Amino acid sequence: MQIPPFSLEAQISEIGEEIEEALIKVFRSGKYIGGEEVISFEKAFASEIQTSYSVSCNSGTDALILALRSLGIGQGDEVITSSFSFFATAEAITSVGATPVFVDIDSKTYLMDLSLIEKAITPKTKAILPVHLFGHPLDMDQIMAIAELNKLKVIEDCAQAAGSYWRGKPVGSYGDVGCFSFFPTKNLGAAGDGGAVTTNDLNLAQTIRQLAIHGMPKRYFHTNIGYNSRLDSLQAAILNVKLNRLNKWIKQRKEIALNYINKLSEIESIRLPSDNLTNTSVHSWNQFVIRIVDNSFIKNIKANSEYVLDNQSRDLFRTELQRLGINTIIYYPIPIHLQPIYKELGYEEGSLPVTEKVCNQVISLPIFPELNAIQQSYIIDKIKEIFKK
Ligand SMILES: Cc1ncc(COP(=O)(O)O)c(C=O)c1O
24 MQIPPFSLEA
34 QISEIGEEIE
44 EALIKVFRSG
54 KYIGGEEVIS
64 FEKAFASEIQ
74 TSYSVSCNSG
84 TDALILALRS
94 LGIGQGDEVI
104 TSSFSFFATA
114 EAITSVGATP
124 VFVDIDSKTY
134 LMDLSLIEKA
144 ITPKTKAILP
154 VHLFGHPLDM
164 DQIMAIAELN
174 KLKVIEDCAQ
184 AAGSYWRGKP
194 VGSYGDVGCF
204 SFFPTKNLGA
214 AGDGGAVTTN
224 DLNLAQTIRQ
234 LAIHGMPKRY
244 FHTNIGYNSR
254 LDSLQAAILN
264 VKLNRLNKWI
274 KQRKEIALNY
284 INKLSEIESI
294 RLPSDNLTNT
304 SVHSWNQFVI
314 RIVDNSFIKN
324 IKANSEYVLD
334 NQSRDLFRTE
344 LQRLGINTII
354 YYPIPIHLQP
364 IYKELGYEEG
374 SLPVTEKVCN
384 QVISLPIFPE
394 LNAIQQSYII
404 DKIKEIFKK
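Under our numbering, the sequence shown has 135 at position 112, and the numbering climbs by one with no breaks.
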């Protein structure tokens, strides 16, 4: 059996025909940029996220850049965020001329440790950029309270969290802006790149839209240096079809996650992701990330006993899964603060100990709505075999 970490192929039988119809409609309309599909997607997405506005753009990275720019964040400003994220989170901050300031994460949720935010605030701090990593919602009540007290803006990185809720409200509806990615592997994935910014602020929505179209409030009249960052009509047509299924797909993801949690909980060498949320908060399980915390399993795969370090145990486990046809991904092997380009920020090994430890131990098991019962059982049985005492 070969199981991919992620697959869109299985969706074809469910939505293939609807997608084909939607795409041919766009082709026939001759309107490939903007138009009906983009307008209706933005409306529907704003309604899904329960915000007044949603402005679509070319990617989640652009959504972050547009959001930061619209809030006037740039040269000399600091933005507090997490180093345990996809690089784009920090890259967007640097791209607008500001400096990312990383705080360590909580070892159970892998999210920014909220108790560290206030210590990281300086006179230059302009915003907090929380990342709802893997679909796990952050405590937005606490973040908004810290932001209000310290007069900071909040930019939610919801790239991995379409369909996540904090206390009954979708993520992306709490901060000044919410930034979403429609990269194919996301909960709501296009067949290419795409993104959106959500907000309740009309002025921000207008600024974001203008920045996304060459800083152009009126045709061929430019008031800003902006970007060419639009969601293609074809991608919008696909997203319109898929948005109707988002919540159903999140439920399927949750069932898979709970199955993994129930069946793998007895294995001492594995730390399972935490889902200790109230019932009005929803983890959307974009990724199911476990940690390999010791190397006691090595005898079972006849590996050589030199493998002693955290990441070597994890990598060996990963290789063994691959041999068994179970393909996994490491999100993320190197924390952002230790990436070569960020050397100049002055972080070094040991600066963010929890983040660094977690990066050495994490591995993401296959999770996507169509991962069937046979595949799930196969994965669970093989992992149990690897860890049998
Ligand atoms: C947490 C996070 N932020 C930002 C991004 C950037 O999104 P995109 O790939 O659509 O530019 C991603 C996507 O990979 C992400 O996972």
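Heads up, the beta-carbon is just placed ideally off N, CA and C, and yes, glycines get one too.
Please read all numbers here as calculations on a predicted model, not as lab measurements.
query: Buried or exposed by the 16-neighbour rule on C-beta atoms within 10 Å, applied to residue 218; result: buried
query: Same chain only: Cβ atoms within 8 Å of residue 263, ignoring 5 sequence neighbours per side; result: 45, 60, 63, 64 and 67
query: Residue from 93, 362 and 33 with nearest C-alpha to residue 379; result: 362
query: For residue 380, the first and last residue of its enclosing beta strand (DSSP E); result: Looking at the DSSP string, residue 380 is not in any beta strand (DSSP E); the run it does join, the alpha helix (DSSP H), is 376–384.
query: beta-carbon residue 150 near ligand 1 non-hydrogen atom, thresh 7 Å; result: no
query: Euclidean distance between Cα positions of residue 42 and residue 101; result: 43 Å
query: As assigned by DSSP and simplified to three states, the class of residue 252; result: coil
query: Nearest candidate by alpha-carbon position, reference residue 317, set 225, 290, 399 and 296; result: 290
query: Assigned secondary structure, residue 28 (DSSP; H/G/I helix, E/B strand, else coil); result: coil
query: For residue 404, three-class secondary structure by DSSP; result: helix
query: Helix, strand or coil at residue 135 according to DSSP, with G and I counted as helix; result: strand
query: Backbone CA spacing between residue 90 and residue 231 [nearest angstrom]; result: 7 Å
query: Buried/exposed call for residue 260, threshold 16 Cβ in 10 Å; result: buried
query: Inter-residue spacing [alpha-carbon to alpha-carbon] between residue 310 and residue 243; result: 43 Å
query: Stretch pair the region 75–83 + the region 46–53: three plus CB contacts closer than 8 Å; result: no
query: Through-space distance from residue 196 to residue 365, alpha-carbon basis; result: 31 Å
query: Residues near ligand 1, criterion Cβ-heavy atom distance below 6 Å; result: 82, 83, 84, 108, 109, 111, 112, 154, 180, 182, 183, 204, 206, 216 and 218
query: Minimum Cβ-Cβ distance from residue 194 to chain C less than 8 Å; result: The chain inventory of the structure shown lacks chain C, comprising one protein chain alone.
query: Check whether residue 29 and residue 145 have beta carbons under 8 Å apart; result: no
query: Complete runs of the alpha helix (DSSP H) confined to the region 278–333 [at least 4 residues]; result: none
query: Reduced DSSP category for residue 365 - H, G, I as helix; E, B as strand; rest coil; result: helix
query: Backbone secondary structure at residue 71 - three-state DSSP; result: helix
query: Rounded C-alpha distance that separates residue 86 from residue 228; result: 12 Å
query: Status (buried if at least 16 other CB within 10 Å, exposed otherwise) for residue 179; result: buried
query: Local conformation of residue 192 per DSSP, three classes; result: strand
query: Any 3 or more C-beta pairs closer than 8 Å across the region 103–118 and the region 243–254; result: no
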